[in-house]
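*Asks:*
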Amino acid sequence: MKYIVASAWPYSDYVPHLGTVIHLLSADVYSRYLRLMGHEVVFVTGSDEHGTPIELEARKRKVNPRELTDQVHEYNLELFRKLNLSFSLYSRTESEVHKDFVKKFLMHLYNLGYIYPVEEELPYCPNDKIFLPDRYVVGTCPYCGYEDAKGDQCDRCGRLLTPKDLINPRCAICGATPEWRKTRNYYIDLSKVQDKIYDWLQRIQKITENVKKYSISWIKQGLKPRSLTRDIPWGIESPFPSSKGKTIYVWFDALLGYLSATKEYFMREGKGETYWEKYWKDESARSVYFIGKDNIPFHSILLPGLLIASESNYVLPWGISATEYLMYEDKKFSKSRKIGIWLDEAIKIMSPDYWRWVLIRMRPEGGDSNFTWKEFHRIVNNELNDDIGNFVYRVLSLIKSRFNGVIPFPEKTGDTEAEITSKIIKSTRRVISFLDEVRLKKSTDHILEIARVGNKYLNDRAPWDLVKGNMALAKGVIYTSADIIRVLAQLLYPFMPQTSERLWSQLGYKSKVEEAKWDKIVDNRIEPGTKIGKFEPLFMKLEKDFLRNITKEIEKAREEAEKERPRLIKD
Ligand SMILES: [Zn+2]
Ligand SMILES: [Zn+2]
2 MKYIVASAWP YSDYVPHLGT VIHLLSADVY SRYLRLMGHE VVFVTGSDEH GTPIELEARK
62 RKVNPRELTD QVHEYNLELF RKLNLSFSLY SRTESEVHKD FVKKFLMHLY NLGYIYPVEE
122 ELPYCPNDKI FLPDRYVVGT CPYCGYEDAK GDQCDRCGRL LTPKDLINPR CAICGATPEW
182 RKTRNYYIDL SKVQDKIYDW LQRIQKITEN VKKYSISWIK QGLKPRSLTR DIPWGIESPF
242 PSSKGKTIYV WFDALLGYLS ATKEYFMREG KGETYWEKYW KDESARSVYF IGKDNIPFHS
302 ILLPGLLIAS ESNYVLPWGI SATEYLMYED KKFSKSRKIG IWLDEAIKIM SPDYWRWVLI
362 RMRPEGGDSN FTWKEFHRIV NNELNDDIGN FVYRVLSLIK SRFNGVIPFP EKTGDTEAEI
422 TSKIIKSTRR VISFLDEVRL KKSTDHILEI ARVGNKYLND RAPWDLVKGN MALAKGVIYT
482 SADIIRVLAQ LLYPFMPQTS ERLWSQLGYK SKVEEAKWDK IVDNRIEPGT KIGKFEPLFM
542 KLEKDFLRNI TKEIEKAREE AEKERPRLIK D
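Here it is, written out as structure tokens:
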């Protein structure tokens, strides 16, 4: 089966924080899982480089926006490599293939009659010489009197606003009073395809509850025309007639990146300019999106709307997994208030595999979740060290000290072994079925269950005593335990690829763990007579005063990261 796996494109004005990393990481875990199941996977995402925030950040730093996004793109890509994200391609919205694709795609919709010009009056800052997007106009809320309400919504009373509603409107950048100026923008009206979007929403199987609920209520209100162009110089030039100086609204640009990045990937692979259609126009191909809940309407309404409207037989989303928010110690991540941890800082504190496991364990599936260092400490010490690491180390140590480092032939086994093996098979099947349902956190529960079953089995059977009087059974117990490690090594691969690879070679395998596909994971057994490899504890235990020292650790990591950041993302 062919799969397109995509995650929302990180906005490339800065280093991503842990909440942003969750979508990318989830897409990576899922892609690795699909490959182990023998599927053909294209995993694409990239830097989202356009839009007003980057334009303004670049102005503030007195550089061209492209200079800023070049630095951010390169820096973040290197961080993602360190985190072992197995992209087919991490592209960018400044890629020529992408820009060309977006222009042609939207011109096609223009020719089909979905896009048309509209004269309108918009707020313009005479000082900054820029049309202000709604959020960049601030003023007093007419409902509750809050003085810093934004032009799209009041943060205090929550009411939706337009810039015209605000009393004493000001430019959010310089504080000047905006003027109302006439301009002509292009609008896109997808209401003609809304019934088809609705039908698709009824059909789609792999979708989180939050996406379905939200999207159906949204579409029932009817789709309104949306402004498609902006009067800012930074972005993809509008391809429509007499629209010089205007650019495409950043969301339409980024959504089409899933298609253009697939095209670019296959072009880079030397497959030519049309090979990507084997994925996007093959009815049986599946596309799965990993996003945050704030991106839901773009992926569940706009994207399918664009695809349907284009009449080009593109595959509609087959799965959408939207996570809720990750909080940081009960607060919202905030760049300006420095609340949170950013990826470059994070991997200075602990190596990438720890973060991969911890973030999936805290993945906000079905509700917001809260990152705390206390929970981080518990997950690393109890789950990774006590449950998994300890079991592995005890078994490998026994093999080394009692069996010359060779996995023994199971001369004798009893009902207990049969029962344990069937429990392990059951849990393995659960790990796989939860991965299949894109419930990544839930699937890790069952990996831990396997390690706990292993630990308890070892304690109950006490092979260190059996070797003194019942060597045949001792061999059976050690063999059974070694095979549990094999299962763990294989199952850990999507979540902690480096750890899984290490464990695989500790068990004595010379192959790569990802070559052992999962179709035989419950039938295969480890070969008796295998000489185990060199081993050491799989994980590092966090010290008692970890929590007391963490603030200092963060400061240190922050300082070091700051030194390595390229010039334009230094604070
Ligand atoms: Zn208000
Ligand atoms: Zn201004």
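First residue of the sequence shown? That's 2 in our numbering, and the numbers climb one at a time after it.
Just so it is clear, CB atoms sit at the ideal spot from N, CA and C, and this is done for glycine as well.
As the structure is a prediction and not an experimental result, all values here were calculated from the model.
1. When the Cα of Asp-135 is compared with those of Leu-543, Gly-236, Leu-57, Pro-124, which residue comes out closest?
2. Could I get the ranges of all uninterrupted alpha helix (DSSP H) runs contained in the segment 514-570, with 4 residues as the minimum, in chain order?
3. At 3 residues or longer, and completely inside the segment 24-75: list those beta strand (DSSP E) runs for me, N to C.
4. If you check the beta carbons only, do Asp-254 and Ile-237 fall under 8 Å apart?
5. With a threshold of 6 Å on Cβ separation, who are the neighbours of Ile-55 within its own chain once the five nearest residues in sequence on each side are excluded?
6. Report all residues for which the CB-ligand distance to some heavy atom of ligand 2 is below 5 Å; order them along the chain.
7. Could you round the C-beta distance between Asp-616 and Lys-3 to whole angstroms and report it? I think they count as a contact, below 8 Å.
8. Taking the alpha-carbon positions, what's the Glu-122 to Trp-235 distance?
9. Quick check on Gln-507: does DSSP put it in helix, strand or coil?
10. With the cut-off set at 8 Å, would you say Leu-191 and Leu-224 are in Cβ contact?
11. One question on the structure: do Ile-302 and Ile-220 come within less than 8 Å of each other, judged by their Cβ atoms?
12. Taking 8 Å as the cut-off, decide whether the C-beta atoms of Val-6 and Lys-264 are in contact.
13. Between Val-407 and the rest of its own chain, which residues show a CB-CB distance below 8 Å, the 5 nearest in sequence each way excluded?
14. For Ile-291, list the residues DSSP reports as bridge partners.
15. Any idea if Leu-385 is buried or exposed, counting beta-carbon neighbours within 10 angstroms, 16 or more meaning buried?
16. Using a Cβ-Cβ cut-off of 6 Å (strictly less than) and excluding sequence neighbours within five positions of Ala-28, which residues of its own chain qualify?
17. Could you spell out the range, first to last residue, of the beta strand (DSSP E) harbouring Glu-438?
18. Quick check on the contact list: which residues have their beta carbon closer than 6 Å to a heavy atom of ligand 1?
19. Excluding sequence positions up to five away, which residues of its chain have a Cβ less than 7 Å from the Cβ of Pro-164?
20. Is the number of C-beta pairs between the segment 205-220 and the segment 310-325 that are closer than 8 Å three or more?
21. Using 8 Å as the Cβ pair cut-off and three pairs as the minimum, do the segment 536-548 and the segment 367-386 touch?
22. For Glu-346, count neighbouring Cβ atoms within 10 angstroms of its own Cβ and tell me buried if that reaches 16, exposed if not.
23. Look at the Cβ atom of Val-22, then the Cβ atom of Leu-344, and state whether they are nearer than 8 Å.
24. Are the segment 349-363 and the segment 421-435 touching, with three or more C-beta to C-beta distances below 8 Å?
25. Report yes if the CB atom of Ser-89 is closer than 8 Å to the CB atom of Tyr-266, and no otherwise.
26. Considering only residues of the same chain and omitting the five flanking positions on each side of Glu-450, which have a CB-CB separation below 6 Å?
27. Please report the distance separating the alpha-carbon of Thr-481 from that of Pro-411.
28. Could you say which of Ile-479, Met-472, Thr-445, Ile-448 lies nearest to Asn-460 if we only look at CA atoms?
29. Using a Cβ-Cβ cut-off of 8 Å (strictly less than) and excluding sequence neighbours within five positions of Ile-361, which residues of its own chain qualify?
30. How long is the line joining the alpha carbons of Lys-375 and Arg-453, rounded to whole angstroms?
31. CB Tyr-215 to CB Pro-567, shorter than 8 Å?
32. What are the start and end residues of the alpha helix (DSSP H) that includes Gly-415?
33. For Glu-180, which of helix, strand or coil comes out of DSSP?
34. Would you say Arg-82 and Ser-48 are within 8 Å of each other, going by their C-beta atoms?
35. Please list the terminal residues of the continuous alpha helix (DSSP H) segment that includes Pro-464.
36. Give the DSSP bridge partners of Phe-132, in chain order.
*Replies:* With the structure as the only source:
1. Of all alpha-carbon atoms in Leu-543, Gly-236, Leu-57, Pro-124, the one lying nearest the alpha-carbon of Asp-135 is that of Pro-124.
2. Note on the segment 514-570: whole alpha helix (DSSP H) runs with a minimum of 4 residues are 547-565, in chain order.
3. For the segment 24-75, the continuous beta strand (DSSP E) assignments of 3+ residues that do not extend past its boundaries occur at 41-48, in sequence order.
4. For Asp-254 and Ile-237, yes; Cβs fall inside 8 Å.
5. Asp-14, Pro-66, listed in sequence order.
6. For ligand 2, the selected residues are Cys-126, Asn-128, Asp-129, Cys-172, Ile-174, Cys-175, Ala-177.
7. The shown model of the chain, from 2 to 572, leaves out residue 616, and the question about it has no answer.
8. Using only the alpha carbons, I get a separation of about 21 Å.
9. Residue state, collapsed to three classes: helix.
10. Contact: yes.
11. A contact, by the Cβ cut-off of 8 Å.
12. In this structure, Lys-264 does not lie closer than 8 Å to Val-6 by Cβ.
13. Answer for Val-407: Ile-400, Gly-530, Thr-531, Lys-532, Ile-533, listed in chain order.
14. For clarity, residue 291 is Phe in the given sequence; the question names Ile instead. Ser-8, Ser-322.
15. By the neighbour-count rule (16 or more Cβ atoms within 10 Å), Leu-385 is buried.
16. Within its own chain, the residues whose Cβ lies closer than 6 Å to the Cβ of Ala-28, once the five positions on either side in sequence are excluded, are Val-6, Ser-8, Phe-291, listed in chain order.
17. Element bounds for Glu-438: n/a, residue is neither H nor E.
18. Those residues, listed in chain order, are Cys-142, Tyr-144, Cys-145, Tyr-147, Ala-150, Cys-155, Arg-157, Cys-158, Arg-160.
19. Closer than 7 Å at Cβ, skipping near neighbours: Pro-124, Asp-135, Val-138, Gly-152, Pro-170.
20. Of all C-beta pairs linking the segment 205-220 to the segment 310-325, three or more are shorter than 8 Å, placing the two stretches in contact.
21. Verdict: yes, contact present.
22. That one is buried.
23. Yes.
24. No, because fewer than three Cβ pairs between the segment 349-363 and the segment 421-435 fall closer than 8 Å, the two stretches do not touch.
25. Their beta carbons are under 8 Å apart, which means Ser-89 touches Tyr-266 by this criterion.
26. Excluding residues within five positions, the ones whose Cβ falls inside 6 Å are Ser-428.
27. Going by the C-alpha atoms only, they are around 8 Å apart.
28. The shortest C-alpha separation from Asn-460 is found at Ile-479.
29. Here the set comprises Leu-26, Ser-27, Val-30, Leu-441, Lys-442, Thr-445, Phe-496.
30. If you draw a straight line from the Cα of Lys-375 to the Cα of Arg-453, it is about 22 Å long.
31. In this structure, the beta-carbon distance from Tyr-215 to Pro-567 does not fall below 8 Å.
32. Segment: none, Gly-415 is in no alpha helix (DSSP H) and carries neither H nor E.
33. Reduced to three states, the DSSP call for Glu-180 is strand.
34. If you check the CB distance, Arg-82 and Ser-48 do not come in under 8 Å.
35. Here the alpha helix (DSSP H) through Pro-464 covers 464-470.
36. Within the DSSP bridge table, the entry for Phe-132 names Tyr-125 as partners.
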